[in-house]
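A.B. asks: Straight run, no breaks: the sequence shown in our numbering ends on number 454.
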Amino acid sequence: MGVIDTLKSVFSRTEKTEKRNNNFLSAMTNRGSNSGIVVTDETAITFTAVWAAIRILSESVAQLPLTIVETDKQGNKDQASSHQIFNLLHRQPNPQMTTYTFVQKCMIDLLTRGNSYVYIKRNGGARPVELLPLVAKDVKVVENEGVIYYELEQGGIVDSSEILHFKVMSNDGLVGMSPVDVGANAIGYGLALEKYGNSYFGNGAKVSGVLSTDRHLSDEAITRLKTSFQENYTNIADSNKTMVLEEGLKFQQISLSNEASQFLTSREFSITEIARLFNLPPHLLRDLTKSSFNNISEQSREFVQYSLMPYLIMMESEMNTKLFRTNEQGKVQTKFIVNALLRGTPKDRSEYYRTMLNIGAMSIDEIRKLEELPTIEGGSNHFMQLNMATLNDIIEGGTLKNSTNNEE
């Protein structure tokens, strides 16, 4: 089987049953935590905070337009829609995926495994014609005497120039560190709280305590009372029933309520930990305890700057290095368009546009383009207020020259 056939086989697989027997993949597959909960990719996303974090980040990056920009000799940048691989990035990287699905898949791999691998299929002219995401756990990075290549689980070796390798933080520059690995304790803690909560509400009417009496009860009476109590008061639906006791029995509650045991506080803390792990503002995970109307707008801008931009720049850099020919390097680049996420409130945008228009930095059409409005007649002109002039104009023929002559 050739390399391309192997890659197609890997790409088309929807489920893999066998496990690769090596320490690298074992470490990437099974994570323990101090809570006693085994954390895997599959169990991690069952924790709603982790699911929400991965969904927010992956969908936020996937929704951004991915395009190609070309820089001319004057340094101006414009969309290179006529470039040979424009449609590949902007619309459909491969026959099975749109750009949205492709980018989201890469992000999910990054947020769980810390690495995403994409095979670059090229034509006879060495131009990319398809971008095929691989199963992250089936790829192994190998370095041999300074040469990096990629081994596939089903066999085959691929040169590093044929693989887009997106990775998060790395301590060796070769393989990214898995967020699920790094945050296994925090994720396990959250899963343990959920397990406790499910057990708490599923196994009793929340009146845990002891039954006491001054009378002597036979073994049969004790068994009968215990059975009766379990049948009538230990389901969640029984929590509001009136308790009827006999034989002079008294019920004494000995357990604390959820609030008293700070269960809810612990849940809030676990959400904050996940937000910290994925570098998200807590309000995006619906934790609004420290948010207000005034600061959410600023937190949203920080989300773009500090949470999304590192992923965008990393992915752009990798694609710029491996998708374009040597003579195109620095002239043609991939670009995620983030303007829509940075526009701010209507009031903020209007003040910004007014300033840029007044100083001649933007035309009306450029402003309308940012607001996704059509151009207008004369809209390409740049304007400047009449009471403003350059310092040279003032010295050569304006106020300063006349003032000097009058003094003489």
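Cβ atoms here follow ideal geometry from the backbone N, Cα and C, with glycine treated the same way. All values reported here derive from a predicted model rather than from experimental measurement.
Start and end of the alpha helix (DSSP H) containing Pro-392?
C.D. replies: 392-404
A.B. asks: Are the segment 207-215 and the segment 364-384 in contact at 8 Å, needing three or more beta carbon pairs?
C.D. replies: yes
A.B. asks: Taking DSSP as the reference, what is the three-state secondary structure of Asn-366?
C.D. replies: helix
A.B. asks: Out of curiosity, what's the CA-to-CA distance linking Ser-207 and Ala-95?
C.D. replies: Our two residues, Ser-207 and Ala-95, have alpha carbons roughly 37 Å apart in a direct line.
A.B. asks: Buried or exposed, going by whether 16 or more other CB atoms sit within 10 Å of the CB of Pro-478?
C.D. replies: Look at the range of the chain in this structure, 47 to 454, and you will see that residue 478 is not part of it.
A.B. asks: Under 8 Å between the Cβ atoms of Phe-349 and Leu-330?
C.D. replies: yes
A.B. asks: So, helix, strand or coil for Ile-154, using DSSP?
C.D. replies: Here Ile-154 sits in helix by DSSP.
A.B. asks: Grab me the residues of Leu-134's own chain with a C-beta within less than 8 Å of its C-beta, minus the 5 sequence neighbours each way, in chain order.
C.D. replies: Pro-174, Val-175, Glu-176, Leu-177
A.B. asks: Whole beta strand (DSSP E) runs in the segment 102-183 with 3 or more residues, listed along the chain?
C.D. replies: Every unbroken stretch of the beta strand (DSSP E) spanning 3 or more residues and falling wholly within the segment 102-183 is given here in chain order: 112-117, 123-125, 161-168, 174-179.
A.B. asks: Just how far apart, CA to CA, sit Glu-266 and Ser-274?
C.D. replies: 12 Å
A.B. asks: Assess, as a yes-or-no matter, whether the segment 393-410 is touched by the segment 145-165 under the definition of 3 or more beta carbon pairs within less than 8 Å.
C.D. replies: no
A.B. asks: Closest to Ser-127 by CA distance: which of Ile-154, Thr-401, Gly-192, Val-378 is it?
C.D. replies: Val-378
A.B. asks: Given Met-215, which residues of its chain have a CB within under 7 Å of its CB, disregarding the five upstream and five downstream residues?
C.D. replies: Gly-222, Met-223
A.B. asks: If you run the structure through DSSP and keep just helix, strand and coil, what is Asn-190?
C.D. replies: strand
A.B. asks: If we ignore side chains and look at the alpha-carbon of each, how far apart do Val-228 and Lys-381 end up?
C.D. replies: 30 Å
A.B. asks: In chain order, what residues of the same chain have a beta carbon less than 6 Å from the beta carbon of Ile-166, not counting five sequence neighbours either side?
C.D. replies: Pro-174, Glu-208
A.B. asks: By the 10 Å Cβ neighbour count, where 16 or more other Cβ atoms means buried, how is Met-430 classified, buried or exposed?
C.D. replies: Exposed, because fewer than 16 other Cβ atoms sit within 10 Å of the Cβ of Met-430.
A.B. asks: Can you find the residues in the same chain that come closer than 6 Å, C-beta to C-beta, to Asp-205, ignoring five residues on each side of it along the sequence?
C.D. replies: Tyr-195
A.B. asks: Please list the terminal residues of the continuous alpha helix (DSSP H) segment that includes Asp-205.
C.D. replies: It is not in any alpha helix (DSSP H) - Asp-205 instead sits in the beta strand (DSSP E) that spans 203-205.
A.B. asks: For Leu-103 and Arg-270, I'd like the C-alpha separation in whole angstroms.
C.D. replies: 56 Å
A.B. asks: Cβ of Leu-198 within 8 Å of Cβ of Thr-145?
C.D. replies: Taking 8 Å as the Cβ cut-off, Leu-198 and Thr-145 do not qualify as a contacting pair.
A.B. asks: Considering only their Cβ atoms, is the gap separating Phe-132 from Ile-114 smaller than 8 Å?
C.D. replies: yes
A.B. asks: Taking C-alpha atoms, which residue in Asn-404, Arg-322, Val-164, Gly-202 lies nearest to Asn-140?
C.D. replies: Nearest of Asn-404, Arg-322, Val-164, Gly-202 to Asn-140, Cα basis: Val-164.
A.B. asks: Please work out which residues of its chain come closer than 7 Å, Cβ to Cβ, to Leu-239, disregarding the five sequence neighbours upstream and downstream, and give them in chain order.
C.D. replies: Ser-312, Arg-313, Ser-316
A.B. asks: For Phe-324, does the three-state DSSP call read helix, strand or coil?
C.D. replies: coil
A.B. asks: When you compare only the Cα positions, how much space is there between Lys-368 and Ile-359?
C.D. replies: Each residue's alpha carbon lies about 14 Å from the other.
A.B. asks: So, at 8 Å on beta carbons, what are the nonlocal neighbours of Ile-413 in its own chain, with the 5 sequence-adjacent residues on each side left out?
C.D. replies: Within the same chain, Ile-413 has close Cβ partners Tyr-399, Met-402, Leu-403.
A.B. asks: Gln-200 by DSSP, collapsed to three states: which one?
C.D. replies: coil
A.B. asks: With a threshold of 7 Å on Cβ separation, who are the neighbours of Ile-154 within its own chain once the five nearest residues in sequence on each side are excluded?
C.D. replies: Ile-100, Ser-104
A.B. asks: State the Cα-Cα distance for the pair Gly-121 and Ile-422, rounded to the nearest angstrom.
C.D. replies: 26 Å
A.B. asks: According to DSSP, what are the bridge partners of Gln-379?
C.D. replies: Per DSSP, Val-115.
A.B. asks: In whole angstroms, what separates the C-alpha of Arg-347 from that of Thr-318?
C.D. replies: 19 Å
A.B. asks: Where does Phe-349 fall in DSSP's three states?
C.D. replies: helix
A.B. asks: Is it right to say Ser-264 is buried, meaning 16 or more other beta carbons lie within 10 angstroms of its own, or is it exposed?
C.D. replies: Burial check for Ser-264: the Cβ neighbour count within 10 Å stays below 16, so the residue is exposed.
A.B. asks: My assumption, with CB atoms under 8 Å, is that Val-384 sits in contact with Ala-230. Please give the rounded CB distance.
C.D. replies: Not really, about 32 Å apart at Cβ, beyond 8 Å.
A.B. asks: Figure out for me which residue from Ile-83, Glu-189, Asn-325, Val-187 has the closest Cα to the Cα of Leu-354.
C.D. replies: Asn-325
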